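Numbering follows my numbering, with no gaps: position 96 of the sequence shown is 98.
Accompanying notes for the structure given below.
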Amino acid sequence: MKIINIKSRYELNPSHVDYVRSIALNADIYDSEDHGISYLMNEIPVFLLDSRHMPDREKEISDKPSTEWLGFYSHQTPILGGNIPTIGICPERIMGCVKTDEELMILTAKVILHEFAHARMRLHPSSDYLPVDEFYEWMEEPMANLMVINYFRDGVYSRRYGRRSCEVARVTNCVDPASYVKAFIEGQPDNYRLALELYENGIWRWRNWANSKSKIQKKTKEKQDWLNYVKANVGKTDESTLKQLFEALHK
Ligand SMILES: [Zn+2]
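Right under this line is the structure:
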């Protein structure tokens, strides 16, 4: 990974960097369709920033932290006369959300994978969706978290590649990483929390969303139907309704 300390008092611990890279590499073995996060990690720089240099520097510490409060993805950062995708994370804020070094390692991995999930969902030619609206917040954010849940599932506990994965899992003896991540997501704002229900209800096709964002942008009614339902029912969504609303967006 290209980690560049721009304005942070804290560096990332090298073992924490190895941990998130191992999860990405292990999980990407399952996916040969396109470049996975482990590939993007070689391309997109990750900047470290202190709280006062984050985009939302005024915001108080939240008891329900959104992932974007801890990190961000910028599709076009002007650097040296060009525009490149970059990721920023705030080690200071991440540290404020955890109690142990083990939790710090898992949450750092969660934030980094979430931001790389946004990068992955922006790579398709039809992935433009501007300006970002409320519907986008209620589809893109849970989908990014869904991808994080999948990476922890496949990258930490691989049945096919058990031995290699065990090396990743063994780093954390006290906390089950996937459970920790799910519990953290449970405590996030509702649009992030919706990821748990996408996962449980089998709405795993983030590619459908990623590859047709510009088409979906025009589906005013279907977008409103999704928004009305998920906002009113997060925490108690019904599998068939959720699937039906998701399908309608992609017809
Ligand atoms: Zn996000």
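Even for Gly, the Cβ is constructed at its ideal location relative to N, Cα and C.
The structure displayed is predicted, hence computed values, not measured ones.
query, result
"Straight-line Cα distance separating Ile-96 from Leu-72", "6 angstroms"
"Reference Thr-333; option with closest CA among Tyr-138, Glu-143, Arg-11 and Leu-27", "Lying before the first or after the last residue shown, residue 333 is absent from the chain, which here runs from 3 to 253."
"Nearest candidate by alpha-carbon position, reference Asn-210, set Leu-125, Thr-102, Lys-184 and Leu-51", "Leu-125"
"Cβ shell of Met-3 (< 7 angstroms), same chain only, five flanking positions each side left out", "Val-19, Arg-23, Met-43 and Val-48"
"Check: Glu-13 C-beta below 7 angstroms from any heavy atom of ligand 1", "no"
"Range of the contiguous alpha helix (DSSP H) that encloses Leu-132", "Run containing Leu-132: none; DSSP gives neither H nor E here."
"Per-residue burial, Val-134 [other beta carbons within 10 Å of its own, 16 or more giving buried]", "exposed"
"Nearest-angstrom Cα separation, counted from Thr-102 out to Glu-224", "43 angstroms"
"Span separating the alpha-carbon of Ala-234 from that of Asp-227", "11 angstroms"
"Beta strand (DSSP E) runs contained entirely in the region 80-115, provided each spans 3 or more residues", "84-91"
"Arg-195 to Gln-219 span [Cα, whole Å]", "22 angstroms"
"Straight-line gap, Ala-180 to Arg-11 (C-alpha atoms, nearest Å)", "29 angstroms"
"Val-236, DSSP secondary structure in three states", "coil"
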